[in-house]
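Asker: The sequence shown begins at 1 in full-length UniProt numbering and counts up by one.
All C-beta atoms, glycine included, are put in the ideal place defined by N, C-alpha and C.
If you're wondering where the values come from, they're calculated on a predicted model, not measured in any experiment.
Have a look at the structure that comes next, please.
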Amino acid sequence: MKAILMTAVGGPEVLSLQEIDEPQITSPTEIKVKLHAAGVNPIDTKVRRRGVFFPNPLPAVLGCDGAGKVVAVGSAADRFKPGDKVWFCHGGLGREQGNYAEYTVLDQRWAAPMPVSLSYAEAAAAPLVLITAWGALFDRGGLEAGQTVLVHAGAGGVGHVAIQLAKLKGARVITTVSSAQKAEFVKALGADHTVDYKTEGGFAEAVNRLTDGKGCDLVFDTVGPSVFEESIPVTAHFGRLVTILEPGALNWGEARIRNLLIGFELMLTPMLRDLDAARDKQIAMLNQCAEWIDQGRLKIHLSNRMALEDAAEAHELIEAGHTQGKIVLTM
Numbered sequence: 001m002k003a004i005l006m007t008a009v010g011g012p013e014v015l016s017l018q019e020i021d022e023p024q025i026t027s028p029t030e031i032k033v034k035l036h037a038a039g040v041n042p043i044d045t046k047v048r049r050r051g052v053f054f055p056n057p058l059p060a061v062l063g064c065d066g067a068g069k070v071v072a073v074g075s076a077a078d079r080f081k082p083g084d085k086v087w088f089c090h091g092g093l094g095r096e097q098g099n100y101a102e103y104t105v106l107d108q109r110w111a112a113p114m115p116v117s118l119s120y121a122e123a124a125a126a127p128l129v130l131i132t133a134w135g136a137l138f139d140r141g142g143l144e145a146g147q148t149v150l151v152h153a154g155a156g157g158v159g160h161v162a163i164q165l166a167k168l169k170g171a172r173v174i175t176t177v178s179s180a181q182k183a184e185f186v187k188a189l190g191a192d193h194t195v196d197y198k199t200e201g202g203f204a205e206a207v208n209r210l211t212d213g214k215g216c217d218l219v220f221d222t223v224g225p226s227v228f229e230e231s232i233p234v235t236a237h238f239g240r241l242v243t244i245l246e247p248g249a250l251n252w253g254e255a256r257i258r259n260l261l262i263g264f265e266l267m268l269t270p271m272l273r274d275l276d277a278a279r280d281k282q283i284a285m286l287n288q289c290a291e292w293i294d295q296g297r298l299k300i301h302l303s304n305r306m307a308l309e310d311a312a313e314a315h316e317l318i319e320a321g322h323t324q325g326k327i328v329l330t331m
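Structural data, given as structure tokens:
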């Protein structure tokens, strides 16, 4: 089968389209999937630049997100049958094969039925960002109806679904953007207020104005250290500040005075640490999101659909930043 191999640690040029053997079912509860699309996420580029998480030798197939059709099942697999469409976040970290390939094999527990209203490309774009946003907003952030949440980079992959999940919860959503075009995009997703941090010279003053100086009950940082630090004064006293990145060295004094709860969201932890109960919960998240998607209450936006052989270019686009929605590779 065709697959994109990470042949070394480095830039996008280390990604190479090659022919490799198709994976085979080796456990009774596994399913084999013909992949139709693979999501491209920032974690893929970080693994490529820094190395895989496990001590297995290169080459490796990257790509955590996938969607496709079941073509074979193990003798004890009873959740799916050949012909079923599935989506999942599995592999791509250096142990199990990732999804930049034409086929993959995984345990049936880690796949979920694909939303019937989505294309393979849309479905492949969704699992990692949906689980990340859910975990940050609800599990770590404790978001409740009537509360105010600030979602940073609302037009991005995680941000654009976080806005929608927060609105489904009944929250008021403020989000940061970098252009008028992105402001219109996030408003169409349900954002109540947008802050263009480029034209307004930052976001803190605007957010405090929108909250009458009280700050937001929850701030969700998807950007990094400087934004995390600048978010502390716009988080309400006794509020929550959740990040998907490392905040770096900073002065925690104001966070302490405000009695903030600081949370980290890394949806890959259950896969990295083999926490099966936590992965089961993630599958439940996907099942609920599938229901909302099929009801037309949750949408996945694709900025680029690219061919498998264009994986290096996809990585370049991700690393350039400011992608609106998601990028996928199609087979």
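Would you mind working out which of L17, A72, R49 and E122 sits nearest N304, comparing C-alpha positions?
Answerer: Taking the sequence shown and counting its residues from 1, one reaches residue 304 at position 304. Comparing Cα-Cα distances from N304 to each of L17, A72, R49 and E122, the minimum goes to E122.
Asker: Is it a yes or a no for the segment 96 to 115 touching the segment 60 to 72, going by three-plus beta-carbon pairs under 8 Å?
Answerer: In short, these stretches touch, since the Cβ pair count reaches three.
Asker: How would you label R273, buried or exposed, when you count the other beta carbons within 10 angstroms and need 16 or more for buried?
Answerer: As a working note, residue 273 is residue 273 in the sequence shown. Exposed, by the Cβ-count rule.
Asker: So L143 and L137 are in contact, right, with Cβ under 8 Å, and what is the actual spacing, rounded?
Answerer: Taking the sequence shown and counting its residues from 1, one reaches residue 143 at position 143. Taking the sequence shown and counting its residues from 1, one reaches residue 137 at position 137. Right, their Cβ atoms sit about 5 Å apart.
Asker: If we ignore side chains and look at the alpha-carbon of each, how far apart do R240 and A311 end up?
Answerer: Locating residue 240 in the sequence shown gives position 240, counting from the first residue. Locating residue 311 in the sequence shown gives position 311, counting from the first residue. Looking at the two C-alpha atoms, the distance is approximately 37 Å.
Asker: On the three-state DSSP scale, how would you describe A67?
Answerer: Locating residue 67 in the sequence shown gives position 67, where the first residue counts as 1. In the structure shown, A67 sits in a strand (DSSP, three-state: E or B).
Asker: According to DSSP, is T269 helix, strand or coil?
Answerer: In the sequence shown, residue 269 corresponds to position 269, counting from 1. T269 falls in the helix class under three-state DSSP.
Asker: Please state if the CB of A162 and the CB of F220 are separated by a distance shorter than 7 Å.
Answerer: Here the question's residue 220 lines up with position 220 in the sequence shown. Here the question's residue 162 lines up with position 162 in the sequence shown. It is a contact, given that the beta carbons lie within the stated cut-off.
Asker: Measuring straight from C-alpha to C-alpha, what distance separates A153 and V177?
Answerer: Taking the first residue of the sequence shown as 1, we reach residue 153 at position 153. Taking the first residue of the sequence shown as 1, we reach residue 177 at position 177. Distance between the alpha carbons of A153 and V177: 6 Å.
Asker: With H237 as the anchor, note down where its beta strand (DSSP E) starts and where it stops.
Answerer: Counting from 1 along the sequence shown, the entry for residue 237 is found at position 237. Unbroken beta strand (DSSP E) run through H237: T235 to T243.
Asker: When we look at the beta-carbon of W110 and count the other beta-carbons within 10 Å, is it buried (16 or more) or exposed?
Answerer: On the sequence shown, residue 110 is found 110 positions in, with the first residue counted as 1. Buried, because 16 or more other Cβ atoms sit within 10 Å of the Cβ of W110.
Asker: On a Cα-Cα basis, can you pick out the residue from L93, P23, V73 and P82 that is closest to P57?
Answerer: Locating residue 57 in the sequence shown gives position 57, counting from the first residue. The residue with the shortest Cα to Cα distance from P57 is L93.
Asker: Quick one: residues in its chain with C-beta nearer than 6 Å to the C-beta of E22, no 5 flanking neighbours on either side, listed in chain order?
Answerer: The residue you call residue 22 lines up with position 22 of the sequence shown. M1 and Y103, listed in sequence order.
Asker: Could you compute how far the alpha carbon of R297 sits from the alpha carbon of I262?
Answerer: As a working mapping, residue 297 is identified with position 297 in the sequence shown. As a working mapping, residue 262 is identified with position 262 in the sequence shown. So the alpha carbons of these two residues sit roughly 30 Å apart.
Asker: Work out the CA separation of I131 and residue 337 for me, nearest whole Å.
Answerer: What is shown of the chain runs 1 to 331, which leaves residue 337 out entirely.
Asker: Return the CA-CA distance between L5 and N99, expressed in angstroms with no decimal places.
Answerer: Counting from 1 along the sequence shown, the entry for residue 5 is found at position 5. Counting from 1 along the sequence shown, the entry for residue 99 is found at position 99. So the two alpha carbons sit approximately 11 Å from each other.
Asker: Report the start-end ranges of each beta strand (DSSP E) in the segment 85 to 123 that is 3 residues or longer and not cut off at the edges.
Answerer: 85 to 89 and 103 to 107, all fully within the segment 85 to 123.
Asker: Spatial neighbours of residue 354 within its chain, please: C-beta separation below 6 Å, excluding the five flanking residues on both sides.
Answerer: Only positions 1 to 331 of the chain appear in this structure, which leaves residue 354 out of reach.
Asker: Comparing C-alpha positions only, which one of A171, Y197, L168 and R49 sits nearest to K182?
Answerer: In the sequence shown, counting from the first residue as 1, residue 182 sits at position 182. Among A171, Y197, L168 and R49, the Cα nearest to that of K182 belongs to Y197.
Asker: What do you reckon, are the CB atoms on F238 and N251 nearer than 7 Å?
Answerer: On the sequence shown, residue 238 is found 238 positions in, with the first residue counted as 1. On the sequence shown, residue 251 is found 251 positions in, with the first residue counted as 1. Not closer than 7 Å, so no.
Asker: In three-state DSSP terms, what is Q295?
Answerer: For the purposes of this step, residue 295 is taken as the residue at position 295 of the sequence shown. DSSP places Q295 in coil when its eight states are reduced to three.
Asker: Is the shortest distance between the beta-carbon of A126 and the beta-carbons of chain B less than 7 Å?
Answerer: No chain B appears in the structure shown, which is made up of a single protein chain.
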